[in-house]
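In the numbering used here, the protein residues as written are 78 to 1051.
Cβ coordinates follow ideal geometry from the N, Cα and C atoms, glycine included.
Nothing here was measured: the structure is a model prediction, and the numbers come from that model.
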Amino acid sequence: MRLHRLEVTAFGPYPGHEVVDFDVLGADGLFLLHGDTGAGKTTLLDAVAFALFGAVPGVRDQAKRLRCDNADPDVHTEVVLELTVQSHRMRIVRSPEYLRPKRRGGGMTKQQARAVLTWVFASPSGYPAEGVSRIDEVARTVQGLLGMTKDQFFQVVLLPQNDFATFLRADTGEREKLLEKLFGTEHFQRVEDWFKDHRAQRRRELDAASVSVDALVARIAQESGDEPEEANEQWLSGLTAALATATDEALAAQQEANRQRELADEVLAEGRAAAERVGQVREATDALAELARDDRAAWRAELAAARRAVPVVAVADELRRAENAATTDERTERRYVGAAEELGYTGTDARADATKLREEAGALTGLVAESDRQREDQARIAQLDDLLDAAEHESATLADRVAELPVQITETRGCLAEAARARASLDGLKARRGETATAVRHAKALPTAESDLAAAANANAKAVEDHQNAREHLLDLRQRRLDGMAAELAASLAPGESCPVCGSAEHPMPAHAVGPLVTADDERAAQAEEQRRLKARENVAAAFKQAQHVVDGLRERLTGWSDPEADDARAMAELDKAVALAGRHDRISRTLLDLEAEAERVRSRIATLQQETVARGTERTALVAAVEERGLRLDIARGSFPSVADRRRHVADLAQALDALSDARAHAATARTRVAEQREILVDAVAKAGFVDVTEALDAARAENVIAKLAHQIGEADQQEARFRGVLDDLAATDPTEEVDLDTLLVQARTAREDAENAVASAQTAARRADQVAKLADRLRAVWADLAPMRAEFEELDALTDVVNGRGQNTSRMSLRSYVLAARLAEVAVAASERLRRMTQGRFSFVHSDAAGSHGKRGGLGLDVLDDFSGQTRSTKTLSGGESFVASLSLALGLADVVAAETGGALLDTLFVDEGFGMLDAPTLDDVMGILDELRAGGRVVGLVSHVEELRQRIPVRLRVRKSRSGSTLEMTA
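Here it is, written out as structure tokens:
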């Protein structure tokens, strides 16, 4: 994994947009991230973690406050990370969930979290080319390519603040989880799981088979009633032989019981037949005696009279119905007479009078419609009066408004012209305001510039003086050297060597220097000092010239300005007034348009009201004339009634009542005639039936069900008498006094039948038991045969599974997966020890322990340190703070090396170390930096996060975080 570029916006303490180019920072392989405490150094590492996993290391992730409090509400919080993982370059854009002000209205709304992953080049195999945009998909993609969870990434790649020793001091379980993920030992876990599952399956099969044996033995014991002390072949064979013998004995007993039952049944049947014959004779004798005492003669006489009275009853019923109908019709006639009298009728010919009244009602129908029209016209007249009054009132109001509008329009046009002039003058006023503001700035800057000019003049004079002194000193030295040149040559002569001037090897009178000797080095030093002073003089002169230029420019620009601040205040006031007037231009323009439109609407409405008033007055005049003419005719037509409709309704109701009275009188006359006819028919029916009078006939009458019952009763008595006499004739030889003892015979038969049934049940039970036990015995022998090799196979599999999972005969208590991880951890310990010894001047090295833990805990992943000073092995928890830091760093680097070797490449190309260097002394810090230099030479990029001052001197590539009240910013030094 190699990082390329990180962008943060409104994240943590960074309110704006900050960019970290890791390609530039990591070009030298080592860079330093430094800044004041709380400036946001660790936040950059949090941003990397958040982009990858959507979370930050340690307890900071619990706060869920990733947005910068100083950020502008419109700035969106976002982290962009570009990196390469397994040769695939990707770009991740992620935003957290946070609250922001609503764009409309007050209050806050929740900004949802989002994440997008895109491929810079080609996508890996099995991943969509367009990338992924769901948060869970981005997390799965990153974790799949990195091969680590966020917690493992924080421990191996991003060693966070205060968490250096987490992996160093982790227990076996935590260390196992990280190593398993890094070294991909899931297939060894699958092997362990396969052994467990296979053993569980075999155990279930064996338990099922064992359960089958126990169940079969229990069923055999239940069927046979013999509970064995030990279930074996001898017990099973003896049990089946005993059950076969018991079955034979039960079958013989069954045959004898059946013979005794058949004999008892024959004797019982003979006794029952004799008892039945005696009972029939006794029943027939008693029944004939009872029938001799009945009233069949009276029943026959009553039945004959009832049958003769049937036609008389029918005629009497018809007469009763006719009388009831006549009574109802007379009552109806009287009711209709009363109704007609209530309507004022006093005539005698109702039918003729009803015809005349219907003709009168027809004549009144047309006048009813005119009466309705009369009411509608009267209502319209009242409505027109209201409309005319309202129109008169509205016309007066509109007339007043017509007088007001011209004045308002004229005033508004004046205001609009004033606002237009103010708008036109805005550009000039703004330009004037800019000039006055510039003049104020120049006036404020002039004293400072003049002060700077005075200082520059003094510096220039001093620089000229210093250069002149240096030049005079150079000329003095050069002259003194020329004067002492002979002495300088003489000082270089050696006996036997030629003189560079005369060539002689003898030097009888070498010259001697007068005063101190000036050498060439002295002259060169003086010349260098003169040049340095000259360069300084030129720089100061340029600064003086620049200061003079600034002052001249400011004075020139302030020419003509007597009081810039007062002029600026006046310009500001004029501009504010013009802006206010110009701001009212559009509103005044709309007001003017509204007033002009209102004036047009008022004039149009006045004209419309005048037209409507004329039309409504004409309509009212016509309606009044029509109402007066129609009122005379309607007064004559209604007579004494409130209205024509009331009079027509009365006439129609009276005609209808007279029609009903005529019909009722006709129906009553017909009913009376029908009653007289029906009385004559009844007298004839009584005579024909042979009765003296109607009363005798009705007394003899019976209901149909009574007649049927009498006929049935007489017929049934005759049939019973004939049947019983036939029985006595057939059984003439039977003595009715004979007694048959059936109870004794029944007891004997029942006892024999129960004995036979018990014998059959016993025989069936014995046969079923013998057969069932024989079948169960065969199954039991088969299960015994199958169970022996299965049990032996399971015992072998059980022992092997325990060994693979770190139990049983496995004395080290290491599972197969732990054994592989222990081997990898041993490699990590070797790689880490090499760096740890160098960082601690050979004192400490890691020692891998495969011993089992206490209380039966698994072993294999123990990690201690060997202290060369004492020669003793110590727990990593006994190390001091600085020792823990170098040990953790060595272990993390060793882990990265082993992982890279395992995967065949540099998986962890980038490593961050957050704090911890302040705990190191100078020699240890030198050793640690040497190790980091080796990592840099190996192609890795190492980022150190620290505020230790000495690291700034050692590391030239630095990224500084500057803190301020408004937020933090980044500054890179390369």
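(request) State the DSSP-derived secondary structure class of residue 556, mapped to helix, strand or coil. (result) helix
(message) Here's the rule: buried if 16 or more other CB atoms are within 10 angstroms of the residue's CB, otherwise exposed. What is residue 164?
(response) exposed
(request) Evaluate residue 331 with the Cβ neighbour count: other Cβ atoms within 10 Å of its Cβ, from every protein chain shown; 16 or more gives buried, anything less gives exposed. (result) buried
(request) For residue 758, count neighbouring Cβ atoms within 10 angstroms of its own Cβ and tell me buried if that reaches 16, exposed if not. (result) Taking every protein chain shown into account, the CB of residue 758 has fewer than 16 other CB atoms within 10 angstroms, so this residue is exposed.
(message) Between which residues of its own chain and residue 1045 is the CB-CB distance below 7 angstroms, once the five residues before and five after are set aside?
(response) Correct list, in chain order: 90, 91, 116, 117, 1038 and 1039.
(request) For the alpha helix (DSSP H) containing residue 1121, list its first residue and its last residue. (result) Nothing in the structure corresponds to residue 1121, since the chain is present only between 78 and 1051.
(request) Determine the contact status of residue 245 and residue 968, defining contact as a CB-CB distance below 7 angstroms. (result) yes
(request) Please name the residue, chosen from 966, 612 and 409, that lies closest to residue 537 on a Cα-to-Cα basis. (result) 612
(message) Relative to the C-alpha of residue 272, which candidate in 876, 1019 and 1018 has its C-alpha closest?
(response) 876
(request) Put residue 425 into one of helix, strand or coil per three-state DSSP. (result) coil
(request) Please report the Cβ distance between residue 547 and residue 607, rounded to the nearest whole angstrom; I am assuming they are in contact, meaning their Cβ atoms lie under 8 angstroms. (result) 4 angstroms
(message) Looking at the strands, I want to know which residues DSSP matches up with residue 892.
(response) DSSP links residue 892 through a beta bridge to 882.
(message) On the CB-based measure, 16 or more other CB atoms within 10 Å of its CB, does residue 974 come out buried or exposed?
(response) Its Cβ being crowded by 16 or more others within 10 Å, residue 974 is buried.
(request) Give the single residue among 671, 339 and 149 whose Cα lies nearest to the Cα of residue 93. (result) When each option's Cα is compared against that of residue 93, the closest is 149.
(request) Rounded to whole angstroms, what's the CA-CA distance from residue 1052 to residue 203? Just pull it up for me. (result) Beyond the ends of the chain as shown, which are 78 and 1051, falls residue 1052; an answer cannot be given.
(request) Under 8 angstroms Cβ to Cβ from residue 428, same chain only, skipping five residues before and after it: list those, please. (result) 735, 736 and 739
(message) For residue 105 and residue 176, what's the separation of their Cα atoms in angstroms?
(response) 41 angstroms
(request) Would you kindly work out how many angstroms separate the C-alpha atoms of residue 132 and residue 496, rounded to a whole number? (result) 59 angstroms
(message) In this structure, how does DSSP classify residue 926 when only helix, strand and coil are distinguished?
(response) strand
(request) Report buried or exposed for residue 1036, applying the criterion of at least 16 other Cβ atoms within 10 angstroms of its Cβ. (result) buried
(request) Compare the beta carbon distance of residue 212 and residue 493 with 7 angstroms and say whether it is the shorter of the two. (result) Going by C-beta atoms, residue 212 is not nearer than 7 angstroms to residue 493.
(message) If you measure between the beta carbons of residue 52 and residue 386, is that distance less than 7 angstroms?
(response) Nothing in the structure corresponds to residue 52, since the chain is present only between 78 and 1051.
(message) Contact defined as beta carbons within less than 8 angstroms: I believe residue 829 pairs with residue 328. What is the distance between those atoms, to the nearest angstrom?
(response) About 19 angstroms separates the two Cβ atoms, so there is no contact after all.
(request) Say whether the region 293-300 touches the region 843-851, bearing in mind that this needs 3 or more beta-carbon pairs closer than 8 angstroms, one atom from each stretch. (result) Two segments are said to touch when three or more pairs of C-beta atoms, one from each, lie closer than 8 angstroms; by this definition the region 293-300 touches the region 843-851.
(message) Spatial neighbours of residue 558 within its chain, please: C-beta separation below 8 angstroms, excluding the five flanking residues on both sides.
(response) 565, 595, 596, 597, 599 and 600
(request) Take residue 972 as the anchor and find which of 511, 279, 199 and 898 has the nearest alpha-carbon. (result) 898
(message) Could you check whether the region 402-413 touches the region 761-781, counting it as contact only if at least three pairs of C-beta atoms, one from each stretch, sit closer than 8 angstroms?
(response) Output reads no: the region 761-781 does not touch the region 402-413.
(request) Give a yes or no on whether the C-beta atoms belonging to residue 1047 and residue 1019 are separated by under 7 angstroms. (result) no
(request) Please state if the CB of residue 857 and the CB of residue 293 are separated by a distance shorter than 7 angstroms. (result) Contact flag set, yes.
(request) Pick out the complete alpha helix (DSSP H) segments inside the region 376-422, 4 residues or longer, and give them in chain order. (result) 387-419
(request) For my contact list, residue 800 and residue 403 are in at a C-beta cut-off of 8 angstroms; report their separation, rounded to the angstrom. (result) Contact flag wrong, Cβ pair sits at about 57 angstroms.
(message) Among the candidates 751, 919, 913 and 880, whose CA atom is the shortest distance from the CA of residue 276?
(response) Per the C-alpha coordinates, the member of 751, 919, 913 and 880 positioned closest to residue 276 is 880.
(message) Here's the rule: buried if 16 or more other CB atoms are within 10 angstroms of the residue's CB, otherwise exposed. What is residue 483?
(response) exposed
(message) Starting from residue 1054, trace the beta strand (DSSP E) in both directions and tell me its first and last residue.
(response) In the structure as shown, the chain starts at 78 and stops at 1051, and residue 1054 therefore has no counterpart that could be examined.
(message) Do residue 341 and residue 826 have their beta-carbon atoms positioned less than 7 angstroms apart in this structure?
(response) yes
(message) Tell me the rounded alpha-carbon separation between residue 518 and residue 653.
(response) 20 angstroms
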